[in-house]
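Single-structure report; data block below.
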Amino acid sequence: METIAPAVLIVDDVADNRRVLSQALTGLDVRILEAHSGPEALAHAAKEPELCLVLLNVRIPGMDGYEVAEQLRHLSRSPSPAIIFMSAVESEIDRYHEACELGAVDFITQPISPPAILSKARVFLELFRQRRQLEILVKQLDTLNRDLVHQTRRLQLTTETSHQIASILDNDQLLAAIVELLQQRFDYDCVGIWVADPPPPNAEYLTLQAGRYWTHNTLGPSAALRIPIDAPKSIIVHAWKTGRLYMTNDVTTDPYYQPYGRLTDIRAEVSMPLRFGEGMPIGVLDIQTRSDEPFSKGDVLALEALSNQIAVAIRNARLYAEVTRLNEKLEAQVDKHTRQLQETLQRLTLLERDKSDFIAIVSHELRTPLTLIRGFSQMLLEEPEILANPSWKRQVEGITNGAFRMQAIVDSMLDVARLDTRTLQLQYQPTDMAKLIESAIRETDDALQKRNLTLQVQDMQDLPEIEVDPAELRKVFNELLSNAIKFTPDGGKITITGQLLLPQRSDEDLYIEVVVSDTGIGIAPEVQDLIFSKFYRAGDVWLHSSGRTKFKGGGPGLGLALAQGIVQAHGGHIWVESPGYDEVKLPGSKFHVVLPVYQA
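Residue 54 is where the sequence shown starts when you use this note's numbering, and the numbers rise one by one after that.
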């Protein structure tokens with residue numbers, strides 16, 4: 054912009070005076086204006102924007118200098134020109150105070166000294182230039198301040214918008230909220246979100262998923278509002294393909310601009326790709342305005358930052374939708390499997406109940422014939438003819454032993470049935486643990502001798518009496534001893550130890566622990582819980598070999614289940630520890646039985 058030199062106005066009705074003053078100011082970079090009267094002076098001042106100094110003769114005909122100064126005060130200009138009053142009458146100096154009130158900065162008498170007036174004019178010219186420069190700086194500062202306020206507001210709105218959209222996880226709601234917030238808060242005429250359809254890398258179109266234009270109507274997904282990605286003219290497609298922001302402040306001259314739908318009278322447009330990561334953008338945020346005010350650099354920076362947040366929000370919404378879909382699918386599968394498991398559990402419960410009923414019925418039905426077999430076989434053993442014939446005697450003894458073995462199995466089945474139906478009635482009484490174990494050992498003496506097994510029992514005389522049902526608990530130790538005998542090779546060793554477990558706190562109960570250890574073949578870790586299940590037996594059931602004390606002899610698989618049930622009925626615990634199964638290294642097993650000393 055070309056700079057106009059400041060102007061100095063000389064007001065004097067005497068031409069020689071005006072000439073002298075003009076010559077005195079020749080060395081200054083100013084334009085000299087002359088007026089011979091007050092009205093002419095005011096006419097010059099009204100048209101001159103750069104008037105910096107007025108040399109005003111007080112004694113001019115018609116309108117005197119004071120009236121001219123008064124009129125100059127009412128002219129709208131900034132900065133106001135400096136006024137130097139001139140007079141050939143010294144008495145006029147007495148009105149200096151009045152002149153100052155009218156804007157005078159000096160009062161000099163004629164004749165004028167050219168050097169003096171030049172010096173004064175130079176000072177006021179410099180002051181004018183400085184004031185003018187200050188004015189320019191103030192305007193620039195005001196502009197910068199307005200821009201700063203504008204950008205601060207933009208950033209504040211951007212932050213608020215980011216926070217609001219970050220909390221929306223439904224994709225359709227998110228897109229609708231984005232375009233509504235952008236249009237309302239930033240006062241744009243049209244905001245649209247265009248999404249690649251289908252998603253990259255197979256995209257064929259950019260489809261408007263959400264949009265709002267200046268009538269505040271909402272544009273939803275529409276086949277009519279989609280742009281082929283090979284469209285030759287489209288700012289939206291160009292931004293998507295290049296992956297870079299594209300802006301034009303004059304769409305009429307832009308080579309890519311193409312109006313769509315009812316959106317006309319557009320002046321400026323900016324399209325920002327929505328992307329996360331390094332792949333193709335998932336879509337484009339497009340903003341259009343009819344305003345004559347173009348997009349500023351600050352607007353673009355704010356929108357770029359917001360577009361990144363929008364891309365992240367869209368990704369989160371899509372992930373949420375996918376997680377929701379998978380959760381719903383998983384819940385449906387879980388519900389289906391739960392129903393199947395419930396049905397299976399129901400069937401298993403019925404089968405278990407039927408099995409328990411069957412065991413109870415069969416056991417009861419077998420007791421009577423077994424009693425008859427035992428009774429008649431014992432009677433036969435008293436007959437002289439039987440006793441006289443060793444072969445017959447062995448056969449009858451076999452019948453008797455088998456009947457007793459069968460009776461023991463039936464009794465175990467009945468005990469298990471009572472445990473299952475919770476009808477086992479325990480008769481508690483103070484019991485000496487050492488004597489109880491000793492009575493259990495007596496029932497296995499023959500088996501220990503036949504198998505050449507060594508039994509070592511720790512002295513338990515110091516253990517306190519324990520409140521238990523001795524008859525039921527004896528079954529536990531009978532089973533543990535029989536189990537140790539069956540799975541310990543001939544010549545092996547069985548050890549029984551017992552100890553009092555002292556409580557860690559004063560409110561804890563006293564317990565006794567008995568451990569039955571052997572040097573047998575051991576138990577694999579994966580079956581150490583299974584062995585306490587009903588009817589569980591190691592090995593192939595079709596290779597089963599009966600025998601209560603035979604090495605690796607089988608049984609009905611009820612003993613350990615019965616032992617666990619009886620121990621738990623006493624409020625105790627039973628478990629096994631073994632390094633594993635090995636018929637060569639013989640790692641052995643340890644069965645732990647922990648029982649409370651007192652019953653609640």
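Even for Gly, the Cβ is constructed at its ideal location relative to N, Cα and C. None of the values given here were measured: they were computed from a predicted structure.
Span of the beta strand (DSSP E) around residue i
i      : result
His626 : His626 to Glu630
Lys294 : Run containing Lys294: none in the beta strand (DSSP E); it sits in the alpha helix (DSSP H), Ile288 to Thr295.
Leu554 : Lys546 to Leu554
Gln655 : Outside the displayed span of the chain (54 to 653) sits residue 655, for which this structure offers no information.
Asp543 : Segment: none, Asp543 is in no beta strand (DSSP E) and carries neither H nor E.
Best match in the options for proximity to residue i [C-alpha to C-alpha]
i      : options                           : result
Val376 : Gln502, Pro281 and Asn224         : Asn224
Tyr589 : Leu615, Leu125 and Thr260         : Leu615
Gln124 : Lys100, Cys105 and Gly91          : Gly91
Asp327 : Arg400, Leu338, Ile319 and Ala321 : Rather than Asp, the amino acid found at residue 327 in this sequence is Leu. Of the candidates Arg400, Leu338, Ile319 and Ala321, the one whose C-alpha sits nearest the C-alpha of Leu327 is Leu338.
Asn302 : Gln341, Gly336 and Glu331         : Gln341
Asp240 : Tyr266, Phe181, Pro253 and Pro251 : Tyr266
Phe329 : Ser349, Ala321, Ala366 and Pro347 : Ala366
Glu672 : Arg406, Leu401, Glu436 and Gln460 : For residue 672 there is no data in the structure shown, the boundaries of the chain being 54 and 653.
Arg495 : Arg458, Gln511, Leu534 and Ile462 : Leu534
Pro312 : Lys286, Pro334, Arg297 and Gln193 : Lys286
Ile565 : Arg504, Val650, Ala500 and Gln509 : Val650
Phe540 : Arg504, Lys100 and Arg527         : Arg504
Ile85  : Pro59, Pro251, Ser586 and Asn380  : Pro59
Lys173 : Leu78, Arg400 and Leu197          : Leu78
Arg175 : Asp66, Val61 and Pro254           : Val61
Pro578 : Pro632, Lys546, Leu553 and Gly610 : Pro632
Leu563 : Ala653, Leu278 and Ile549         : Ala653
Lys553 : Pro523, Asp515, Ile414 and Val569 : Checking the sequence shown, residue 553 turns out to be Leu, not Lys. The residue with the shortest Cα to Cα distance from Leu553 is Asp515.
Ile136 : Ala157, Glu525, Met432 and Arg126 : Ala157
Backbone secondary structure at residue i - three-state DSSP
i      : result
Pro487 : The residue asked about is misnamed: residue 487 is Ala in this sequence, not Pro. Reduced to three states, the DSSP call for Ala487 is helix.
Asp635 : coil
Leu596 : Because Leu596 sits at a pLDDT of 41, beneath the cut-off of 50, its placement in the model cannot be relied upon, and the point is left open.
Ile113 : coil
His89  : coil
Met459 : helix
Ala157 : strand
Leu586 : Here residue 586 is Ser; the residue named in the question, Leu, does not match the sequence. Correct three-state label for Ser586: coil.
Glu213 : helix
Val647 : strand
Gln448 : helix
Ala470 : helix
Met45  : Shown here, the chain extends from 54 to 653; a query on residue 45 therefore has no answer.
Ala135 : strand
Gly575 : coil
Leu106 : strand
Gly351 : helix
Leu222 : coil
Gln654 : The requested residue 654 does not occur in the structure, where the chain is confined to residues 54 to 653.
Glu566 : strand
Gln478 : coil
Ile170 : helix
Glu520 : strand
Ser140 : strand
Ser642 : strand
Thr391 : helix
Bridge-paired residues (DSSP) for residue i
i      : result
Cys243 : Gln341
Thr301 : Glu322
Tyr258 : Asp250 and Pro281
Tyr313 : Answer by DSSP bridge pairing: none, since Tyr313 is not bridged.
Ile165 : According to DSSP, which records beta bridges pairwise, Ile165 is partnered with nothing at all.
Leu327 : Gly336
N-terminal and C-terminal residue of the alpha helix (DSSP H) that residue i is part of
i      : result
Thr79  : Taken as a continuous stretch (DSSP letters only), Thr79 belongs to no alpha helix (DSSP H), as it is neither H nor E.
Ile439 : Pro437 to Ala441
Leu62  : Not the alpha helix (DSSP H): Leu62 falls in the beta strand (DSSP E), residues Ala60 to Val64.
Ala537 : Pro523 to Lys539
Val620 : Gly612 to Ala622
Ala122 : Gly118 to Arg126
Asp499 : Asp498 to Lys503
is_contact[residue i, chain C] using C-beta, thresh 9 angstroms
i      : result
Thr424 : The question asks about chain C, but that chain is absent: this structure has only one protein chain.
Closer than 8 angstroms is the cut-off here; do at least three beta carbon pairs connect the region 303-310 with the region 231-241?
no
Would you call the region 511-522 and the region 479-497 in contact, with 3 or more CB pairs under 8 angstroms?
yes
Do the region 620-628 and the region 637-650 make contact, defined as three or more Cβ pairs closer than 8 angstroms?
yes
Across the region 157-177 and the region 69-79, are there enough close Cβ pairs to call them in contact, namely three or more that are closer than 8 angstroms?
yes
Determine contact between the region 451-469 and the region 420-437, defined as no fewer than three beta-carbon pairs at a distance below 8 angstroms.
yes
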